Structure formats: C-alpha cells, structure tokens
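One structure is given here, and the rest of the page talks about it.
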Amino acid sequence: MGYVDQPYWNPFLETMSQRDLKRLQLAKFKRIFTWAYEKSKFHRSLYEKAGIKPEDIKSFEDIRRVPKVEKSMMRDIQRKDPFPYGDALCVPLDEVTEFRQTSGTTGQPVYQPDTWQDWEWWSESWSYVLWAQGYRPSTRVFLPFGYNVFVAFWAGHYAAEKIGCEVIPGGVLDTKARILKIQELRPTAMMATPSYILTMADTARKMGIDPASLTIERITCAGEPGASIPGTKKRMEEAWGAKVFDHSGATEIGAWSYECLEQPGGVHVNEAFFLLELEDLETGEIIEEPNKRGKIIITALDRIAQPCVRFDSKDIGMWDEKMCPCGRTFRLLKGGVIGRADDITKVKGVLLAPSAIEEVVRAIDGLGDEYEVIVEKEGDTDRISLKVELLPEMEGKKESILAKLKDELRLKTNLGYVIECVPFGTLPRYEGKAKRFKDLRKH
Amino acid sequence: MEQKIKALNKIIQTLKEQAELLSKEGADLPCVFRNSQRLLATIKMLELEVSDIANL
Chain A
0 MGYVDQPYWN
10 PFLETMSQRD
20 LKRLQLAKFK
30 RIFTWAYEKS
40 KFHRSLYEKA
50 GIKPEDIKSF
60 EDIRRVPKVE
70 KSMMRDIQRK
80 DPFPYGDALC
90 VPLDEVTEFR
100 QTSGTTGQPV
110 YQPDTWQDWE
120 WWSESWSYVL
130 WAQGYRPSTR
140 VFLPFGYNVF
150 VAFWAGHYAA
160 EKIGCEVIPG
170 GVLDTKARIL
180 KIQELRPTAM
190 MATPSYILTM
200 ADTARKMGID
210 PASLTIERIT
220 CAGEPGASIP
230 GTKKRMEEAW
240 GAKVFDHSGA
250 TEIGAWSYEC
260 LEQPGGVHVN
270 EAFFLLELED
280 LETGEIIEEP
290 NKRGKIIITA
300 LDRIAQPCVR
310 FDSKDIGMWD
320 EKMCPCGRTF
330 RLLKGGVIGR
340 ADDITKVKGV
350 LLAPSAIEEV
360 VRAIDGLGDE
370 YEVIVEKEGD
380 TDRISLKVEL
390 LPEMEGKKES
400 ILAKLKDELR
410 LKTNLGYVIE
420 CVPFGTLPRY
430 EGKAKRFKDL
440 RKH
Chain B
0 MEQKIKALNK
10 IIQTLKEQAE
20 LLSKEGADLP
30 CVFRNSQRLL
40 ATIKMLELEV
50 SDIANL
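Protein sequence lines correspond, in order, to chains A and B.
At position 126 of the first sequence (counting the first as 1) the number is 125 in numbering that gives the first Met the number 0, and the numbers step up by one without a gap.
At position 47 of the second sequence (counting the first as 1) the number is 46 in numbering that gives the first Met the number 0, and the numbers step up by one without a gap.
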C-alpha cells in the first residue's frame with residue numbers, strides 16, 4: 000500500500016488504544032507544563048499561586064488542579080513587554096516568525112506569536128484534518144479567504160501544501176471573481192466558513208452558474224459551527240454537490256478536531272496533540288460520560304511560543320457514546336462544538352443557545368440561508384424577533400412555511416418569536432464569521 | 000508496529016543529530032543556519048509523530 004492509500008495521517012497515533020493515548024497525554028502534559036513553568040513569567044506566577052510545580056503532575060487528577068487560563072487573562076498581559084505579547088512568551092522575540100490575532104468577536108483581540116516550529120505544528124495538526132477528509136496530492140484546493148492577521152485558513156493552506164495538494168490562494172478577489180476562478184481552474188476542494196460557502200453559492204446562482212455544476216467535491220468548514228448543524232450541512236452539500244466536513248480550532252489553541260469521511264455526526268478530537276477536558280457547567284467536575292454537555296478546557300500539548308495550557312475555550316461540547324466506524328480511536332464530540340458558554344443567554348427566563356435557532360431555520364425547506372435574531376426589552380419583558388427570507392419561488396407556500404417555523408422554534412427553544420419575512424436577498428451576507436444574533440438588552 | 004516505530008525513531012534521532020551539527024557548523028552562514036533551523040522544526044514534527052510513541 001502506497002502512502003496515499005493510507006486512510007490515516009498517522010496510523011500509529013490515530014488507532015492507538017485509549018489507554019496508551021492517556022499515557023501519551025499525561026507525558027506530554029508534564030512536558031508542556033514544565034516548559035510553561037520554566038519559560039513564562041505569567042504561567043509560573045499563576046502556578047506558584049496555586050502551589051503546583053512540574054514534579055506534582057503525576058496523574059490526570061493532578062492536571063485538574065492546574066489553574067485554567069481565560070482569554071481575559073491573556074488580554075491583560077498583552078501589549079506589554081516583550082511587546083506586543085507580554086510575559087507569557089516563552090522564546091526570545093527573534094524566534095517568533097508568525098503573528099496572528101483572534102477575531103475580537105468577544106472583546107479586544109488576543110495576539111498570538113508562533114515560532115517556525117509552532118507553525119510546522121499548525122500545519123501538522125491541519126494535515127490530520129485534511130487527510131481524514133480525503134485530501135491527497137492529486138487534490139487541487141481553492142482557498143477563498145482574505146489572507147490577513149486572522150489565522151483562519153492559513154494553516155489549512157500550509158497543510159494542503161505539506162500533503163502535496165496543488166493550492167490556489169483566492170485572496171484579494173471578490174466573491175464573483177472567486178466563482179469565476181473556480182470555473183476557470185476547476186479545483187476539487189475548498190475551505191471557508193459555512194456562511195461564506197452559502198454566500199458563494201448564492202452569488203454563483205445570481206451569476207447564472209449552478210454551483211453544483213462546478214468541480215468542487217469536498218469542502219472543509221471552520222470558524223462557525225454550521226458544518227455540524229445538519230440543516231446547514233445539507234444546504235451546503237446540496238448547493239455545491241459536494242461533501243462538507245467540519246473542523247474546530249482556535250487561534251489560541253490550534254487545529255484540535257476534525258470530521259472524517261464517515262461523517263459520523265461529530266468531530267474527532269486529535270487526542271495525540273491536544274488534551275480536551277469537558278467541565279460540567281454547574282459543578283465544574285470533569286465529565287467522562289457521553290451525552291452530557293460541558294465546557295471545553297483544552298491544552299495544546301506541543302505549542303511552545305505562547306503555551307495553551309488548560310485554556311477555557313468557552314465552547315460547549317459533549318462526548319459521543321459511539322466510536323467512529325473509520326477506525327480512529329480519537330473520541331468524537333457529538334455534533335461538534337454545539338455552542339458557547341458565553342453565547343447562552345436567558346430570554347424570557349428560558350436558556351437559549353443561538354445555534355438552536357440556526358438548526359431550525361436551516362432545516363426548513365423554502366427558507367433562504369440567511370436569518371437575523373434580535374433580542375430586546377419591551378417594557379420589563381424580553382422580545383425576541385426573527386427575520387427570515389423566503390425563497391422567491393416559495394411565495395405561494397409562505398403561510399405554511401412560517402407556521403412550521405413558528406412551531407419548530409417553539410418545540411426546539413421553548414420560546415415564541417415575532418417572525419418577519421423580509422424580501423429575498425435583503426439580509427446581510429457574510430464572508431467571515433457571521434453575526435446573526437443580536438442581543439440589544441442592557442445587562 | 001513497535002519494531003517499525005523504533006526503527007523510524009532511530010533514523011529521526013540520527014537526522015536530528017546531523018541537523019544540529021549542521022546548524023552549529025553553519026552558524027556564521029545565514030543560508031546554512033536558517034535552513035538547518037527549518038530542518039530541525041520539521042524533525043520535531045517527526046518526533047511528535049513517531050519518537051514520542053517510541054519513548055512511551
């Protein structure tokens with residue numbers, strides 16, 4: 000068997016027993032903890048306050064005593080010496096070769112330094128993603144994203160090169176030009192956010208081009224949870240006539256998960272490169288059992304310039320009870336990242352995860368891809384309104400579609416909505432991360 | 000499988016020694032030093048993929 004026929008990027012690690020994976024994680028956690036303790040003033044101070052030294056890490060119970068790092072803590076130390084990263088930097092500044100920053104969706108952006116070794120590690124982690132999704136040297140990949148300070152698909156680009164793919168950077172082009180470039184060069188794979196995949200399909204249709212008639216066979220999505228939301232995935236797959244795969248990662252963490260060719264309804268956690276712990280939202284206990292939602296606490300086991308040790312990602316996930324038929328032993332997170340702890344909000348006294356609304360809207364045939372949710376105060380009570388677009392050819396079925404929408408929303412979210420149907424094409428379209436949920440209440 | 004991991008690790012360690020030597024000997028030559036540093040970063044990936052298992 001030649002290497003291209005190998006289903007796994009690394010068969011040793013991806014099929015390793017969970018017992019051995021745990022041994023590997025413990026050994027690697029000790030290594031990165033020691034590194035952070037010895038090289039970063041920020042981490043050392045944090046751990047000294049907690050009374051933990053490297054020699055104390057002997058078990059997973061010891062790991063759970065290690066203080067978590069939150070994004071706000073990283074913001075506090077940054078833009079200080081050594082400028083602009085602050086004292087979590089573990090290497091001399093002249094060893095930093097890469098600058099990226101978070102998108103700032105939840106506040107001031109965090110800067111992320113990486114050495115060349117870290118950047119190799121980024122593309123190595125992404126190679127697991129792409130190989131599992133069927134990328135091979137014969138794949139021609141189109142990357143329709145603005146190459147800039149956000150990590151986005153940068154590492155996907157480098158990983159595709161590492162795998163041996165032919166990579167077409169679709170940088171400073173508008174959406175129409177990107178569609179034409181796809182038509183001209185016939186790439187077979189693409190990477191983008193789910194919002195932009197749908198926007199591109201919409202634009203292609205307006206240009207008189209059926210996106211499914213183009214050559215894209217596989218699409219890797221990141222940046223938003225849509226590729227693991229069944230309704231959104233179906234829309235993308237039907238629009239492009241392609242398989243759509245999810246991947247979750249983050250600037251501060253790395254490329255920590257991926258959906259495989261089996262599309263098992265979730266993502267594999269790369270447990271050789273990352274330690275993912277699920278923390279009960281109320282008790283803070285670590286969740287090992289399946290089907291219980293928890294907050295994702297994650298450690299990048301090999302990242303050195305600015306270590307990511309027990310980072311509180313605020314993402315929500317739950318372990319799947321089943322193992323994947325692909326043969327990988329890396330555990331599955333059911334439904335991928337299913338929400339964010341800081342997105343979950345109370346409306347009319349009911350806990351609401353915005354992704355639940357997307358799940359409903361995108362599963363209803365006849366509605367457009369876009370929607371907008373606004374929560375505001377009306378006197379003392381909350382008012383939640385939802386704007387949707389009806390596909391032009393579905394005008395005759397408007398009443399039944401909206402009635403179905405109302406019922407499904409009530410069923411899935413336990414809330415009543417003020418629903419407005421706006422003309423098709425009038426809601427905002429997004430290239431990067433979409434902002435469809437707007438909470439205008441003053442908290 | 001264990002044998003294969005050990006054999007691969009042996010080659011990786013030899014490569015690492017050679018790359019470190021190259022980096023040291025070429026420390027005054029930008030073209031040698033920078034390329035050998037990149038080589039070492041790639042070798043590190045091989046260590047993550049193979050040597051870490053060999054050392055378990």
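Virtual Cβ for every residue (Gly too), placed ideally from N, Cα, C.
Quick caveat: nothing in here was measured; it's all calculated off a predicted structure.
Less than 7 Å separating the Cβ of residue i from some heavy atom of the ligand ZN?
i            : result
residue 13/A : No copy of the ligand ZN appears in this structure; indeed no ligand is present at all.
Please return the same chain residues whose Cβ sits closer than 6 Å to the Cβ of residue i, not counting the five positions on each side in sequence.
i             : result
residue 371/A : 386, 426 and 435
residue 376/A : 440
residue 286/A : 277, 279 and 293
residue 231/A : 193, 225 and 361
residue 72/A  : none
residue 29/B  : none
For the alpha helix (DSSP H) that contains residue i, what are its first and last residues?
i             : result
residue 177/A : 174–184
residue 1/A   : Unbroken run through residue 1/A: none, as it is neither H nor E.
residue 76/A  : 70–76
residue 396/A : Where residue 396/A is concerned, there is no enclosing alpha helix (DSSP H), given that its DSSP letter is neither H nor E.
residue 346/A : No alpha helix (DSSP H) contains residue 346/A, which is instead part of the beta strand (DSSP E) from 344–346.
residue 59/A  : 59–62
residue 229/A : 229–239
residue 43/B  : 29–45
residue 117/A : 115–131
residue 360/A : 353–361
residue 416/A : Unbroken run through residue 416/A: none, as it is neither H nor E.
residue 155/A : 153–162
Leaving out five residues before and five after residue i in sequence, what residues of the same chain have Cβ atoms less than 7 Å from its Cβ?
i             : result
residue 206/A : 175 and 178
residue 365/A : 389, 390, 393, 396 and 400
residue 159/A : 129, 134, 140 and 166
residue 62/A  : 28 and 56
residue 33/A  : 53
residue 77/A  : 83, 84, 85, 109 and 110
residue 438/A : 344 and 374
May I ask you to list the residues that DSSP assigns as paired with residue i?
i             : result
residue 388/A : 421/A
residue 276/A : 296/A
residue 256/A : 268/A
residue 8/A   : According to DSSP, residue 8/A bridges with nothing at all.
residue 110/A : 100/A
residue 318/A : 332/A
residue 248/A : 254/A
residue 411/A : According to DSSP, which records beta bridges pairwise, residue 411/A is partnered with nothing at all.
residue 141/A : 167/A and 189/A
residue 338/A : 315/A
residue 381/A : 376/A
residue 95/A  : 114/A
With residue i as the anchor, note down where its beta strand (DSSP E) starts and where it stops.
i             : result
residue 220/A : 217–220
residue 299/A : 293–299
residue 32/A  : Where residue 32/A is concerned, there is no enclosing beta strand (DSSP E), although the alpha helix (DSSP H) it sits in stretches over 17–38.
residue 190/A : 188–191
residue 370/A : 366–377
residue 21/B  : Run containing residue 21/B: none in the beta strand (DSSP E); it sits in the alpha helix (DSSP H), 1–24.
residue 79/A  : No beta strand (DSSP E) contains residue 79/A, which DSSP labels as neither H nor E.
residue 437/A : 436–438
Can you give me the Cβ contacts of residue i inside the same chain, cut-off strictly under 8 Å, excluding the 5 residues immediately before and after it?
i             : result
residue 209/A : 203
residue 301/A : 27, 31, 120 and 272
residue 81/A  : 88 and 92
residue 96/A  : 113, 114, 115 and 118
residue 398/A : none
residue 412/A : 349, 351, 355, 356 and 359
residue 18/B  : 35, 38, 39 and 42
residue 36/A  : 42, 43, 46, 52 and 53
Checklist entry - Is the stretch 278–289 of chain A in contact with the stretch 250–258 of chain A, if contact means three or more CB pairs nearer than 8 Å? => result Flag = no, the stretch 278–289 of chain A and the stretch 250–258 of chain A do not touch.
Checklist entry - Taking contact to mean at least 3 C-beta pairs separated by less than 8 Å, is the stretch 2–14 of chain B in contact with the stretch 380–397 of chain A? => result No: fewer than three Cβ pairs fall under 8 Å.
Checklist entry - Should the stretch 262–274 of chain A be regarded as contacting the stretch 116–134 of chain A, the criterion being three or more beta carbon pairs within less than 8 Å? => result A contact between stretches requires three or more CB pairs, one per stretch, nearer than 8 Å, and the stretch 262–274 of chain A meets this requirement with the stretch 116–134 of chain A.
Next on the checklist: Check whether the stretch 295–315 of chain A and the stretch 57–74 of chain A are in contact - that is, three or more C-beta pairs closer than 8 Å.
Outcome noted: The answer is yes - the stretch 57–74 of chain A touches the stretch 295–315 of chain A, with three or more Cβ pairs under 8 Å.
Next on the checklist: Three or more C-beta pairs under 8 Å: does that hold for the stretch 317–336 of chain A against the stretch 286–300 of chain A?
Outcome noted: Touching, per the Cβ criterion.
Next on the checklist: Output needed in chain order: residues of the stretch 108–125 of chain A with a Cβ under 9 Å from some Cβ in chain B.
Outcome noted: Of all residues in the stretch 108–125 of chain A, only 114, 115, 116, 117, 118, 119, 120, 122 and 123 come within less than 9 Å of chain B when Cβ atoms are compared, listed by chain position.
Next on the checklist: Which residues of the stretch 2–16 of chain B have a Cβ closer than 8 Å to any Cβ of chain A? Give them in chain order.
Outcome noted: Listed by position, the residues of the stretch 2–16 of chain B near chain A (Cβ gap below 8 Å) are 4.
Checklist entry - Just checking, does the stretch 41–50 of chain A make contact with the stretch 40–54 of chain B on the three C-beta pairs under 8 Å criterion? => result Because the criterion of three Cβ pairs below 8 Å is not met, the stretch 41–50 of chain A and the stretch 40–54 of chain B do not touch.
Next on the checklist: Between the stretch 129–144 of chain A and the stretch 73–90 of chain A, can you find at least three pairs of beta-carbon atoms closer than 8 Å?
Outcome noted: With contact defined as three or more Cβ pairs closer than 8 Å, the stretch 73–90 of chain A and the stretch 129–144 of chain A are not in contact.
Checklist entry - Would the stretch 122–133 of chain A and the stretch 214–233 of chain A be scored as touching if the rule is three or more Cβ pairs under 8 Å? => result Because the criterion of three Cβ pairs below 8 Å is met, the stretch 122–133 of chain A and the stretch 214–233 of chain A touch.
Next on the checklist: Does the contact criterion of 3 or more C-beta pairs under 8 Å hold for the stretch 325–334 of chain A versus the stretch 254–264 of chain A?
Outcome noted: Pairwise C-beta distances place the stretch 325–334 of chain A in contact with the stretch 254–264 of chain A, as three or more of them are shorter than 8 Å.
Item to check | Cβ-based contacts, 9 Å cut-off: residues of the stretch 28–54 of chain B near chain A | outcome: Within the stretch 28–54 of chain B, the qualifying residues are 36, 37, 39, 40, 41, 43, 44, 47, 48, 49, 51, 52 and 54.
Checklist entry - Counting pairs of Cβ atoms below 8 Å between the stretch 406–423 of chain A and the stretch 25–32 of chain B, do you hit three or more? => result A contact is defined here as three or more CB-CB pairs under 8 Å, and the stretch 406–423 of chain A fails this definition with respect to the stretch 25–32 of chain B.
Checklist entry - Which residues, in chain order, does the stretch 22–34 of chain A contribute to contact with chain B at a C-beta distance below 8 Å? => result For the stretch 22–34 of chain A, which is checked against every Cβ of chain B, the residues closer than 8 Å are 22, 23, 26 and 27.
Checklist entry - Any residues in the stretch 361–387 of chain A with a beta carbon nearer than 7 Å to a beta carbon of chain B? Which ones, in chain order? => result Contact residues of the stretch 361–387 of chain A toward chain B are absent (C-beta to C-beta distance below 7 Å).
Next on the checklist: Please list, in chain order, the residues of the stretch 284–315 of chain A that have any C-beta partner in chain B closer than 9 Å.
Outcome noted: Under the 9 Å Cβ criterion, the stretch 284–315 of chain A contributes 300 and 301.
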